[in-house]
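For the sequence shown, the positions run 12 to 261 when my numbering is used.
As structure tokens, the structure follows; a few thoughts come after it.
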Amino acid sequence: MLEYAAMRFDIFTLFPGMFAGVFDDSILQRARASGRLEIFLHDIRAFTHDKHHVTDEAAYGGGGMVMKPEPIFDAVETILGKNAADRPPLILLTPQGRVFNTNIARTLAQQPQLALLCGRYEGIDERVRVLVNDEISIGDYVLTGGEIPAMVLVDAIARFLPGVVGDADAPHQDSHATGLLEHPHYTRPLEFRGMRVPEILLSGHHAHVERWRRNESLRRTFERRPDLLAHAQLSETDKNFLRELGWSEM
Ligand code: SAM
């Protein structure tokens with residue numbers, strides 16, 4: 012069996028307990044057990060020095076609570092080092108960041124180590140941004156904290172690490188990785204409640220199965236996400252099939 016180096020994540024959060032379950036089950040748990048993935052959770056509250064372990068304060072000018080800078084600086088500099096040039100990239104999870112997608116996940120999977128900073132309340136004190144190398148949003152909506160976005164990043168990035176997903180090709184053929192939505196899947200039984208598996212999938216003819224899958228992938232994308240077709244790599248055969256469906260090239 013091939014041996015791979017571990018990719019390491021350091022996650023800074025006020026709620027480390029939220030990650031149990033997501034990281035302790037299934038594929039991510041196996042990736043950790045096999046040494047392919049290392050995840051270290053750092054409780055920002057442990058880096059406070061006052062009696063009440065205060066991590067947030069009222070915003071200057073009014074309008075809710077904001078995460079104080081001191082515990083975050085202390086946590087990052089203690090765990091990752093004082094010298095910014097020697098630290099792994101620190102990513103702030105924020106609805107104001109660039110919107111996460113499969114290309115970003117694939118690119119980040121090349122890094123040996125990443126650090127993630129989860130915000131809470133109205134967010135972080137603006138001065139924390141000098142510590143941060145990248146800002147990522149998981150979509151145009153607002154969650155209560157950066158913990159779920161951090162889980163989303165770790166999961167999507169881990170799928171691109173060799174040895175994490177059983178079928179090494181799968182992450183590169185899934186929806187979005189190819190620029191299209193994936194074709195439908197079927198398994199046993201052959202017939203279920205009057206619905207039969209398409210005959211072509213039983214034919215054993217590899218090339219015909221592949222063409223059917225490609226066409227169904229094109230059909231799905233055209234029907235559900237036609238915007239993706241503008242950037243997808245399409246052959247003349249693909250384009251002819253799409254034109255039959257009513258697609259017209261811009
Ligand atoms: N007041 C902030 C704003 O309007 O930009 C939103 C703060 S939100 C209630 C609290 C924290 O949740 C943020 O600091 C961030 O870490 C996280 N968060 C919320 N929505 C997110 C998203 N779509 N992507 C990434 N992180 C998000």
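Glycine included, each C-beta is placed from N, C-alpha and C at the ideal position.
Helix, strand or coil for residue i per DSSP?
i: Met12; result: Note that Met12 has pLDDT 49, beneath the 50 cutoff, so the model's placement of it is unreliable and the number below is only indicative. Three-state DSSP puts Met12 in coil, outside helix and strand.
i: Phe111; result: coil
i: Leu253; result: helix
i: Glu137; result: helix
i: Thr248; result: helix
i: Pro100; result: coil
i: Met261; result: coil
i: Ser148; result: strand
i: Glu49; result: strand
i: Phe58; result: helix
i: Met18; result: strand
i: Gln184; result: helix
i: Pro106; result: strand
i: Ala70; result: coil
i: Val163; result: helix
i: Ala218; result: helix
i: Val87; result: helix
i: Thr24; result: strand
i: Glu81; result: helix
Do residue j and residue i come within 9 Å of each other at the CB atom, strictly closer than that value?
i: Pro182; j: Arg170; result: yes
i: Ile211; j: His217; result: no
i: Met18; j: Glu68; result: no
i: Ala86; j: Ile55; result: yes
i: Arg131; j: Gly156; result: yes
i: Ile83; j: Leu142; result: yes
i: Pro100; j: Gln121; result: no
i: Ala42; j: Gly150; result: no
i: Tyr15; j: Leu172; result: yes
i: Thr232; j: Leu240; result: yes
i: Glu262; j: Gly74; result: No statement about residue 262 is possible, as the shown extent of the chain runs from 12 to 261 and does not include it.
i: Leu213; j: Leu229; result: no
i: Leu119; j: Leu154; result: no
Could you check whether the Cβ of residue i sits closer than 8 Å to any heavy atom belonging to the ligand MG?
i: Glu260; result: The ligand MG is not part of this structure, which contains only the ligand SAM.
How many whole angstroms separate the CB atoms of residue i and residue j, which I take to be in contact at a CB cut-off of 8 Å?
i: Met162; j: Val33; result: 5 Å
i: Ile168; j: Ile102; result: Going by Cβ atoms, the distance from Ile168 to Ile102 rounds to 10 Å, so no, they are not a contact pair.
i: Ile38; j: Val176; result: 7 Å
i: Leu125; j: Phe20; result: 6 Å
i: Glu227; j: His194; result: 4 Å
i: Gly262; j: His242; result: With the chain covering 12 to 261 only, the question about residue 262 has no answer from this structure.
i: His6; j: Ile90; result: No answer is possible for residue 6: it lies beyond the span of the chain, which begins at 12 and ends at 261.
Find the nearest neighbour of residue i within the set the options, judged by alpha-carbon distance.
i: Glu255; options: Gln244, Glu234 and Glu88; result: Glu234
i: Arg225; options: Thr113, Leu201, Ile149 and Leu253; result: Leu253
i: His187; options: Pro237, Thr59 and Ala70; result: Pro237
i: Leu25; options: Leu119, Val153, Arg117 and Glu158; result: Glu158
i: Tyr152; options: Phe111, His63, Asn251 and Phe203; result: Phe111
i: Phe58; options: Val139, Glu88 and Arg140; result: Glu88
i: Phe51; options: Pro27, Met261, Arg222 and Arg98; result: Pro27
i: Asn114; options: Gln184, Asn251 and Arg207; result: Gln184
i: Arg98; options: Met261, Arg117, Asn144 and Ala116; result: Asn144
i: Phe30; options: Cys129, Lys93, Pro106 and Ala95; result: Cys129
**Request:** Please determine if the segment 76 to 90 and the segment 38 to 47 are in contact, where contact requires at least 3 C-beta pairs separated by less than 8 Å.
**Result:** Cβ pair count under 8 Å is below three, so no.
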